[in-house]
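Chemist: Under the working numbering, the first residue of the sequence shown carries the number 25, and numbering increases by one thereafter.
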Amino acid sequence: MTTTLDSSLTATNNADPGSRADVLGVVAAERADHGAATTATNSSTVTTGAARLPGLAVLLISTVLTGMFAGFFFTYSASVVLGFDRVDDLTYVRSFQAINDTIRNPAFAVVFFGSIPAAAIAVALHRRDRVVRRLATTGLVLIVAVVAITFAGSVPLNNELATHTDLDAASAAIARADFESTWNLLNLARTLLSTLAAVALAGASLAARGSRD
C-alpha cells in the first residue's frame with residue numbers, strides 16, 4: 025500500500041494540473057480504504073479478545089478450586105496423618121469421626137464439587153483450541169478420578185468408621201487397623217491426582233492467555 029501511494033504521488037508531481045487532481049483523488053481514496061481496513065482489523069482483534077475472556081475466567085476458577093482441594097489433601101497427608109501417628113487408638117478413632125462429621129459443609133462442597141462443572145465448561149468454551157482443550161480435558165479427567173476415589177473408597181471407609189460408637193481400647197485398635205493404612209493410601213492418591221489436575225488446568229490457563237494475546 026505504501027509503495028502504491030508513493031508511486032501515485034510521484035506520478036502526480038509529473039502530471040498536468042488536471043491529471044494531478046485526479047491522481048490526488050485516487051491517493052486520498054486509497055488512504056481512506058487503508059485506514060478503514062486497519063480500523064476493522066483492530067476492532068476484530070478487540071472483539072476476539074473480549075469473546076475469549078469468559079473462557080479464560082472459567083479456566084482460572086477451575087484452576088483455583090482444584091488447587092485448593094489439592095492443597096487440602098496435601099496438608100492432610102503432610103501434617104494431620106503424621107500427627108495422628110502420635111496418638112492412641114481411641115483418640116485416633118474419635119478424632120477422625122469428628123473430622124468426618126464436620127467436613128460436610130458448604131465451603132468444602134463448593135471447592136470440591138465446583139471444580140468439575142468449571143473444568144467441563146472450560147473444555148466446552150475452548151473446544152476449538154486444541155492445546156487448551158487437551159490440557160483442560162486432562163484436568164477434568166483427573167478431577168473426576170479424585171471424586172471417584174473419594175466416593176468409591178474414602179467415603180465407605182468413613183462410614184464404616186462411624187459405626188464404631190461404643191469404643192474401648194481394644195475395639196478402637198481394631199477399627200483403626202481396618203481403616204488407617206487404606207485411607208492414607210487413598211488420600212495420597214487423591215493428593216497426587218488433584219495436584220496433576222491443577223497443573224494441567226494452570227497450563228491450559230496460560231495457553232489460553234497466550235492465544236488471547
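C-beta atoms are modelled at their ideal positions from N, C-alpha and C, and glycine is treated no differently.
Just the C-alpha distance for Leu240 and Val223, rounded to the nearest angstrom, thanks.
Modeler: Since the displayed the chain opens at 25 and closes at 237, residue 240 lies outside it and no answer follows.
Chemist: Whole angstroms is fine: what's the gap from Val70's alpha carbon to Ala226's?
Modeler: At Val70 the pLDDT is 38, less than 50, meaning the model places this residue with poor confidence and gives no usable figure here.
Chemist: Does the region 96-113 come within contact of the region 207-216, defined as at least 3 CB pairs closer than 8 Å?
Modeler: yes
Chemist: Assign Thr187 to one of three DSSP states: helix, strand, or coil.
Modeler: The three-state reading of DSSP puts Thr187 in coil, since its state is none of H, G, I, E or B.
Chemist: Tell me whether the beta-carbon of Leu181 lies closer than 8 Å to the beta-carbon of Trp207.
Modeler: yes
Chemist: Relative to the C-alpha of Ile140, which residue among Asp125, Leu185, Val165 is closest?
Modeler: Val165
Chemist: Check the C-beta distance from Ala146 over to Ala228 and give it rounded, since I have them as a contact under 8 Å.
Modeler: 7 Å
Chemist: For Ala74, which residues of its own chain have a beta-carbon under 6 Å away from its beta-carbon, when the five flanking residues on both sides are left out?
Modeler: Residue placement at Ala74 is poorly supported in this model, since its pLDDT is 45, which falls under 50; the coordinates are not used for a value here.
Chemist: Taking Ala169 as part of the alpha helix (DSSP H), name the residues at either end of that continuous run.
Modeler: 154-173
Chemist: Which residue's Cα is closest to the Cα of Ala94: Ala160, Ile167, Phe203?
Modeler: The residue with the shortest Cα to Cα distance from Ala94 is Ile167.
Chemist: For Gly227, verify whether its CB is less than 7 Å away from any heavy atom of the ligand FAD.
Modeler: Looking at this structure, you won't find the ligand FAD or any other ligand, since it has none at all.
Chemist: Cα separation between His150 and Arg157?
Modeler: Our two residues, His150 and Arg157, have alpha carbons roughly 5 Å apart in a direct line.
Chemist: Report yes if the CB atom of Ala186 is closer than 8 Å to the CB atom of Gly79, and no otherwise.
Modeler: With a cutoff of 8 Å on beta-carbon distance, Ala186 and Gly79 are scored as not near each other.
Chemist: Using the beta-carbon count (16 or more within 10 Å), is Thr63 buried or exposed?
Modeler: Because Thr63 carries a pLDDT of 46, less than 50, the predicted location of this residue cannot be relied on, and the following value inherits that uncertainty. Burial call: exposed.
Chemist: Buried or exposed for Ala199, going by 16 or more other Cβ atoms inside 10 Å?
Modeler: By the neighbour-count rule (16 or more Cβ atoms within 10 Å), Ala199 is buried.
Chemist: Can the beta-carbon of Ser86 be found less than 8 Å from the beta-carbon of Ala172?
Modeler: Annotated as distal: Ser86 and Ala172, with beta-carbon spacing of 8 Å or more.
Chemist: By the three-class DSSP mapping on this structure, what secondary structure does Ala202 have?
Modeler: For the sequence presented, residue 202 should be read as Asp rather than Ala. DSSP places Asp202 in helix when its eight states are reduced to three.
Chemist: Could you give the distance in angstroms between the alpha-carbon of Thr161 and the alpha-carbon of Arg128?
Modeler: 27 Å
Chemist: By alpha-carbon positions, which one of Asp109, Val117, Phe132 ends up nearest to Phe203?
Modeler: The shortest C-alpha separation from Phe203 is found at Val117.
Chemist: Considering Val147, what are the terminal residues of the alpha helix (DSSP H) in which it resides?
Modeler: 130-149
Chemist: Answer yes or no: do Thr22 and Gly163 have a C-beta to C-beta separation smaller than 8 Å?
Modeler: The requested residue 22 is not part of the displayed model; the chain covers only 25 to 237.
Chemist: Assuming the contact rule is C-beta atoms closer than 8 Å, Leu114 and Ala169 should be a hit. Round their C-beta distance to whole Å, please.
Modeler: Going by Cβ atoms, the distance from Leu114 to Ala169 rounds to 34 Å, so no, they are not a contact pair.
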